[in-house]
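Protein chains in written order, with the numbering used here: chain A, -16 to 1180; chain B, 48 to 492. We treat Cβ as the ideally placed atom computed from N, Cα and C, and that holds for glycine.
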Amino acid sequence: MARGSRTMQKLKLSALYSFALCAKGSTEDQSKIGTAGFSRVVYANDPDRHEAEGFRYPRNEVSTTKYSLVTFLPKSLFEQFRRVANFYFLVSGALTLTKLAPYSAVSALLPLFFVITATMVKEGVEDWRRKQQDHELNNRIVKVHRGNGSFEETKWKYIKIGDVIKVEKDNFFPADLILLSSNYPDGICYVETMNLDGETNLKIKQALEVTLDLQEDASFGNLKPIIKCEDPNANLYSFVGIVEWKGMQHPLSPQQLLLRDSKLRNTDYIYGAVIFTGHDTKVMQNATEPPSKRSKIEKKMDKIIYVLMFCLLAIATLGSVFFGIWTKDDLKNGKAKRWYLRPDDSTVFYDPKRPALASFFHLLTALMLYNYFIPISLYISIEMVKILQALFINRDIEMYHEESDKPTHARTSNLNEELGQVDTILSDKTGTLTCNMMEFIKCSIAGTAYGQSVTEVEKAMALRKGVLLDDEIEPGGHKEKQIDESPHVKGFSLKDPRIMDGNWIHEPNKDVIRDFFRLLAICHTCIPEVDETDKVSYEAESPDEAAFVIAARELGFEFYKRAQTSIVIRERDPNQHVVDYQYRKYQLLNVLEFSSSRKRMSVIVKEPEGKILLFSKGADSVMFRRLAPAGKKFEEETKRHINEYSDSGLRTLVLAYRVLDQEEYEKFAAKFNTAKISGSADRDEKIEEAADSIEQDLLLLGATAVEDKLQKGVPECIDKLAHAGIKIWVLTGDKMETAINIGFACSLLRQGMTQIIITLEAPDIIALEKNGDKYSIAKASKQSVMDQIEDGIKQVPTSSQSSTESFALIIDGKSLTYALEDDVKFKFLDLALNCASVICCRSSPKQKALVTRLVKHSNKVTLAIGDGANDVGMLQEADIGVGISGVEGMQAVMASDIAIAQFRFLERLLLVHGHWCYRRISVMICYFFYKNVTFGVTIFLYEAFASFSGKPAYNDWFLSLYNVFFTSLPVIALGVFDQDVSSRLCLQYPELYQEGVQNVLFSWRRILGWMLNGVINAVLIFFFCTTALKDQAFRQDGQVAGLDALGAVMYTCVVWVVNCQMALSVNYFTIIQHIFIWGSIAVWYLFLLAYGAVDPKYSTTAYMVFIEQLAPSLSYWLVTLLVVLATLIPYFCYAAIQIRFFPMFHNKIQWKRYLGKAEDPEVARQLSSRQQSSSHPRMVGISVRRDGKAMEVDKGN
Amino acid sequence: MSQVNSGAAGPSAGSDVAAATASTKRNKPQYHAFTQQQLPACKPILSPHMVIPVLAFVGLVFIPIGLACIAASNKVVEVVYRYDTKCVPGNMLHNKVAYIQNASIDKTCTIVLKVPRDMKRPIFIYYQLEKFYQNHRRYTTSRSDMQLRDPKQASAITEFCKPEAYAANGSPIVPCGLVAWSLFNDTYSFAHRRGRGGHTEALTVIKSGISWRSDRGHVFGNHVFPKNFQNSSLVGGGQLDPTKPVSSSANFRAFFLLPSSSSVSTMMDGDCGGVQLSEQEDLMVWMRTAALPRFRLYGRVEADLGAGELLAVEVRNNYNSYSFAGKKAVVLSTSGLLGGRNAFLGRAYVVTGVACFVLALQLTLLCLDDFILKIYYDKAGDLWLSRGWKTFFHEHHLNAGDLLICTFDGHDLLTFKVFSISHCRVLYDTSGVAEGGEDPQVSGA
């Protein structure tokens, strides 16, 4: 173990490595061991002892399924019948088993059974898939210690608490482990936690010193350490425990904890002791069901069902009252009136002596009879439709991102139609609007600005001012410029011959430049990876850092190797043209980590020459204060450059350094280490204080500017969304200036807009902050925010007044804190809603979620879009959460309802799919109610002619199959396939989207209109049929139409009418619609034939009714023709008049399309502008581009 | 130290990218017209230009159909005679129920009908009952179809048959239930007198073929014989015919010529008494319950009747419709293509057809005249606005001094920009203004 012992010496230094990576667990925490919540005892390497000691720990087999074989039936049934409508059908189904039933029990229960089974099969299949996944996981193989130092391959599910296991490179950890040792002598290992938190960067874990030397299988022979730790909990970032090792107790921290489902990387193998298994593991404890969201339309649908139920109850009661009266009338003074009903010898259901009871029972019967008002298949149909819609969204080739190979993924299909009603989009900036791929684009070194590239913001600004930049020679602005002679390096687009290719050596202040880039190469937390060709790539926690390291590399200061205690950089000698490397090894003494409060990070290193240096980089606000007087040489220029950079939408950092003498460093190191070791509550503060004391008197080197590139197509997309009347709020953590500039770049803001800025950066508040107490600061701040909001409200005219001016609201995080307080927030909301664009800068994740909640108060549909962990709250709070499956991992995607690869896909997702889905679902639901009302009312009307006795007009099976066979498929086809206008036109006329936002297609007026149509249709059908076939023979043979014939005639008419009505409502007649609509009608006739041919025992009144009675009768066919056309003509004319005189926007587009002019941009402009001026005069953010376009058009004219 | 990370060359970002491009794009959706929702489709618009022709066409088709239906209906000769009060002797009018329930009174009553027009054979005879709720749920369910069909199932009595399920001795009633029990039992026999003072001649009423063939063939069993029918203390309606109806013309003659005897009989007591159910067409017709409280078929006369002929109908008024104040009538009707006489269908067709025409016309007028500006070129080639101008003027609240800039695209789009006296452009809230308002469609250019 020569290698091992050699590195052992270095280990003393590794303790200094970084305070952030070190244990946070204090002795205070450790003292909790053994108390409640910290009771777990693990006999490592002795798994069988737990049973003996009476500890019961779960097995490592996990199951994420909702149901098991046993619980599937009861549990899924329970789920089903929690729905009001289904429960109603269950109750009425149960009642059909009694004598009360107006029809046979089988005919009523079978459709219910069918519907429930279909839903359960769907559930079952989904659960089966989960089971398959679990099975795959549970049967993975890992090596487990089986005594005497021999390891044996075992399936994951057989792993027990206390097992010592060996995990090899690129494998997942099967359970939560305590890291004992790794192939590295210092016991570190690299872990990728993508499955847990979505972060792709590697994290370093480190074993306790005492267990380091267990580096071989054989060393585990007789080892019996005892681990005591906290009970299973969901907190990923904390862990408290101790290990008893050879009589000594050593504290454990998250640093030793390897979590299940994370992956071992860059490390050959590790040994670990299992402490949590199966469902106890942190990742499983974290697995919570995402909040289930329901769309507004579905909520409204429930209301409609209640309304219908109320109507149903009303007419049932009405019927029962009449029934009661008539029944009572049947027997007077012992004289039977309708003697043929034998009222003198009756059952309780028809007893004239007890009419109240009879009419109560009748009420139950009637409720069963009229349950056709409520479409039994509605839920399942909607579910099927939504699944298919989601499939279309997932399969849309235009929402597939080629580069990342990611299609759009609708993770829930519940919200499809909600996508068509979005009123406000709350967007994250970084990674959402921008790529989160940082490009090192400019820098200012020693007061000289380097870098000549033009940023997108600058382009936008130039466009605004009407100046054409030299850079932009081609008119096709946003196309990727052709690649220069040298291949583009990702993350680096600095272009300046003065410092590139080693030319910096000729600059006047070359020493500063060298230090500048050395700092960039050293002061970070990246990990390099060297491949076979000696090329280095980096794993970084944030893309900014990667950009810095890459920039340093490109300029010849290549960060080459990181070890525990050292950093190697490879410098290219600028003087020689031959590539000649010079390795410089810096001893890494301390890393003072970045935190949002510190806003800077520093490293302390020892140069090869022996000098101790402190390198520091940070935000301008904190860095300039820390400069030594001597270091302020370039302060003025640098400040000016920084302002320019942030005007151009760049992120800036100030770089500075300092030389420490040995003595000073040692003093610091002592202070720092005591702070680190101390277990007191203010440990962090002490560390910060220590760091603060050393980060003083810095010498300024310069500043960097990194561009966060706008994602492709973002401005155009925002433009379209703005056209569609969707308000876009940007919630960002960035500085106000950056945010405003990005706002301009992505055409959220434009020059003519009045900006209302709410900020607490006012001088009086700042002054107060310096010396006031907390209470008075808060009070003054709040007052200031209130005043600013009031001012804003005064500026912005209310929506009733018309004005062509548009407003943008910009608010910073501090003000937002006060603006979100209960007594202010509605005023704030009021103001914000009247502004076209809203930008909240410097906002925390919590604030993002709060703002989302606030916007939801306005009862509008909100959509939140984001890509990072900090957006999760916002995504879950919003009505729809859209995650960008981009660079920052999967966390946002996991919390989202729909995942897209790029912001620009939002345009298609909302304007096309959202619009379609909204339209489809709302028309579909309306139609569903229509067809059932039509059917139900004919039954009710017939009742009135059957003395409300509860005799259905139709055969039992006609009744029950109505919703299942003869009318359901066309509706589903409508729900899946209908399009009012094509996707291209949807995008060309974004104003169309307002139909969804204003919910015109699912307003009560429209719903009731459809129902009224149903009632009218039913009345026409009933009276036409009964009058036409009333008294006389209905065929040449002289027979009259009995109940069986009349029922079949009426039913035929109903099937025709509802299906033809569907045909009239369809906008997009594909072959599928034809098959379903005409097929449904054909199926009815086929059914009539087939069912009529069955033995009369089963077919009862339908026996031969078609072939013998109806088909040969001319009247039957004539009545059908008459009734169908006469019934549909009112709607037909209504549609024509509506389209001609009160067209909705989609009608107008359809009309233009019909004329072949829809594609004409001039027509589009006219239609749109009229639509816009009528609907939302000022609410819409009209963007730069649009103005530009308008000007172009004007010129063209 | 260089070996520390030497084993750490995991897949770097670069090789990841390479791998992704090398392997085919696994997640890329395949193009298919179906999944991309681009199936070829027809996209109908229900605008007036489509609705008007359809309406006109429907009108065009419907009116002739309607007229044909009316003609067909008018061809049918129908004679209705209500006899329920006429056939009660004057002294019993105050208590018709007592009259009908008194078995000792002879209930024969003769009516003379005049044939209004020539009636060609076959002439169908119907009885018409009103306010009789055959569609009452208790009534319709009170039967056992099993029993009717299968001789072995005589005791397959549903509980709904009660109280007409079992005879006093406990043996099942066949056919059971209220429907059969309340069988209509008025009888009619006819004699006609050819011309004035001509001799009377009895008409044969044929009672076969009045039911549905399926009833005869399957629903009512061939070997099922009535049992205990109408045998209880309370007699509901008619008995079943002891003889085959088709050969019963002699019987009818007897009814007509002889004073009738009320002893149709109790000979069905026995097990196999009477005729099997599959021949009891009266019962079959009756058991096909009516949809609405009305009407039933009685029989058929295969004879032609001339206009003005007198027809003597001897009614045996047995059936009690008096307790529920139901009307009874006897109906004679010929049959046409559409069945009996009912002008409704024809009229409905005509009315609908006319309505279609009217609607089509109305729509046409609305669309022509309302908001469309007419533009024409005069001989000098100048452009003139004519019709619709006034409407346009009012709709847009134009005032003297307003400036209008009109752009005409040469086809049908005329665009206006309106500037008021203050040189400001006037913007309209067009939500309330119809489509044609701001950029009127122009025809006749």
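Subject >> the stretch 583 to 592 of chain A contacting the stretch 374 to 393 of chain A, beta-carbon criterion three pairs below 8 Å >> reply: no
**OP:** Could you tell me whether any Cβ in chain B is nearer than 8 Å to the Cβ of A:D494?
**Re:** no
Original post:
Hey, does B:Q84 have any beta-carbon neighbour from chain A nearer than 8 Å?
Top reply: yes
Original post:
What is the residue span of the beta strand (DSSP E) that A:A639 lies within?
Top reply: 633 to 643
**OP:** Report yes if the CB atom of A:W111 is closer than 8 Å to the CB atom of A:R123, and no otherwise.
**Re:** no
Original post:
Going along the chain, which residues of the stretch 1007 to 1030 of chain A sit with their C-beta nearer than 9 Å to a C-beta in chain B?
Top reply: F1007, T1009, T1010, A1011, L1012, K1013, D1014, Q1015, A1016, F1017, R1018, Q1019, D1020, G1021, Q1022, V1023, A1024, G1025, L1026, D1027, A1028, L1029, G1030
Original post:
How would you list, in chain order, the residues of chain A whose beta-carbon sits under 8 Å from the beta-carbon of B:A150?
Top reply: Correct list: empty, because the minimum Cβ distance to chain A is about 15 Å.
Subject >> Contacts of A:R1123 in chain B (Cβ-Cβ under 7 Å) >> reply: S94, P95, C414
Subject >> A:Y972 - partner residues in DSSP beta bridges >> reply: Per DSSP, none; premise fails for A:Y972.
Original post:
Hey, is the stretch 1046 to 1054 of chain A in contact with the stretch 343 to 358 of chain B, meaning 3+ C-beta pairs nearer than 8 Å?
Top reply: no
**OP:** Alpha carbon to alpha carbon, how far is A:I739 from A:E978? Give it in angstroms, no decimals.
**Re:** 30 Å
Original post:
Can you find at least 3 beta carbon pairs, one from the stretch 494 to 512 of chain A and one from the stretch 541 to 551 of chain A, that sit closer than 8 Å?
Top reply: yes
Original post:
Taking DSSP as the reference, what is the three-state secondary structure of B:F371?
Top reply: coil
Original post:
To the nearest angstrom, how far is it from the Cα of A:R325 to the Cα of B:F272?
Top reply: 24 Å
Original post:
So what does DSSP say about A:P458, is it helix, strand or coil?
Top reply: Confidence at A:P458 is low in this model, with a pLDDT of 41, below 50, so the placement of that residue is unreliable and no value is reported for it.
Subject >> Residue from A:R733, A:A802, A:K777 whose Cα sits closest to the Cα of A:A761 >> reply: A:A802
**OP:** Please check if any C-beta of chain B sits within less than 8 Å of the C-beta of A:W940.
**Re:** no
Subject >> Nonlocal neighbours in the same chain, by C-beta distance under 8 Å from A:S604, ignoring five residues either side >> reply: K582
**OP:** Report yes or no: is there a C-beta of chain A within less than 8 Å of the C-beta of B:F342?
**Re:** yes
Subject >> Closest residue to A:D680 among A:K695, A:E647, A:K659, A:D667 (Cα-Cα distance) >> reply: A:E647
Original post:
Taking all protein chains shown into account, do 16 or more other C-beta atoms lie within 10 angstroms of the C-beta of B:R196, making it buried, or fewer, making it exposed?
Top reply: buried
**OP:** Compare the C-alpha of A:A190 against each of A:V226, A:D200, A:A217 and name the closest.
**Re:** A:V226
**OP:** With DSSP as the reference, label A:A101 as helix, strand or coil.
**Re:** helix
**OP:** Please check if any C-beta of chain A sits within less than 8 Å of the C-beta of B:T187.
**Re:** yes
**OP:** Report the option in B:V162, B:K209, B:C156, B:T132 whose CA atom is closest to the CA atom of A:T330.
**Re:** B:K209
Original post:
Helix, strand or coil: which one does DSSP assign to B:Q181?
Top reply: coil
Original post:
Would a C-beta distance cut-off of 8 Å place B:G393 and B:I110 closer than the cut-off?
Top reply: no
Original post:
A:P591: buried (16+ other C-beta within 10 angstroms of its C-beta) or exposed?
Top reply: exposed
**OP:** Kindly indicate the opening and closing residues of the alpha helix (DSSP H) around A:D285.
**Re:** 279 to 312
Subject >> DSSP beta-bridge partners of A:S549 >> reply: A:Q570
**OP:** Could you spell out the range, first to last residue, of the alpha helix (DSSP H) harbouring A:P1186?
**Re:** Beyond the ends of chain A as shown, which are -16 and 1180, falls residue 1186 of chain A; an answer cannot be given.
Subject >> N- and C-terminal bounds of the alpha helix (DSSP H) containing A:A1109 >> reply: 1097 to 1124
Original post:
Going along chain A in order, which residues have a C-beta closer than 7 Å to the C-beta of B:A337?
Top reply: G1025, L1026
Original post:
What's the gap between the Cα of A:N1195 and the Cα of A:V959?
Top reply: The displayed coordinates of chain A run from -16 to 1180. Any statement about residue 1195 of chain A would go beyond what the structure contains.
Original post:
In the structure shown, what three-state DSSP assignment does B:Q175 receive?
Top reply: strand
**OP:** Within the same chain, show all residues whose beta-carbon is closer than 6 Å to that of A:F651, passing over the 5 residues directly before and after it, in chain order.
**Re:** I677
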